[in-house]
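Novice: My structure is below; once you've seen it, I'll send some questions.
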């Protein structure tokens with residue numbers, strides 16, 4: 044795994060800390076461990092999948108869906124980051 048540069052130089056976790064390990068758990072089929080490591084993993088993968096599919100299929104209201112998924116993902120990431128310090 045790649046080391047977190049923020050954690051290495053500053054000494055605190057970044058908002059994305061845990062994503063690599065979470066993705067690794069997800070690939071190996073450990074869905075609960077993946078969620079525990081980095082809860083926003085599922086919303087982030089949903090957003091990225093939708094952005095990829097949108098390139099091939101025209102979807103009605105795609106801009107609203109992307110905005111909703113983006114806001115949801117950002118809220119999950121920030122909530123997870125804040126809860127790490129509580």
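Residue numbers (this note's numbering): 44 to 129. Glycine is no exception: its CB is placed at the ideal position from the N, C-alpha and C atoms. As the structure is a prediction and not an experimental result, all values here were calculated from the model.
What does a CB cutoff of less than 7 Å around residue 127 pick up in its chain, not counting 5 residues either side in sequence?
Specialist: Excluding residues within five positions, the ones whose Cβ falls inside 7 Å are 56.
Novice: For the alpha helix (DSSP H) holding residue 121, just list the boundary residues, first then last.
Specialist: It spans 105-127 - the alpha helix (DSSP H) in which residue 121 sits, taken as one unbroken run.
Novice: Would you mind working out which of 75, 98, 46, 84 sits nearest residue 118, comparing C-alpha positions?
Specialist: Residue 84 is the option with its Cα nearest to residue 118.
Novice: Among 67, 69, 50, which has the Cα closest to the Cα of residue 60?
Specialist: Nearest C-alpha to residue 60: 50.
Novice: Taking the straight line between their C-alpha atoms, what separation do you get for residue 48 and residue 121?
Specialist: Near 19 Å, if we compare the C-alpha coordinates of residue 121 and residue 48.
Novice: Going by Cα to Cα distance, which pick from 104, 89, 46, 68 is closest to residue 112?
Specialist: When each option's Cα is compared against that of residue 112, the closest is 89.
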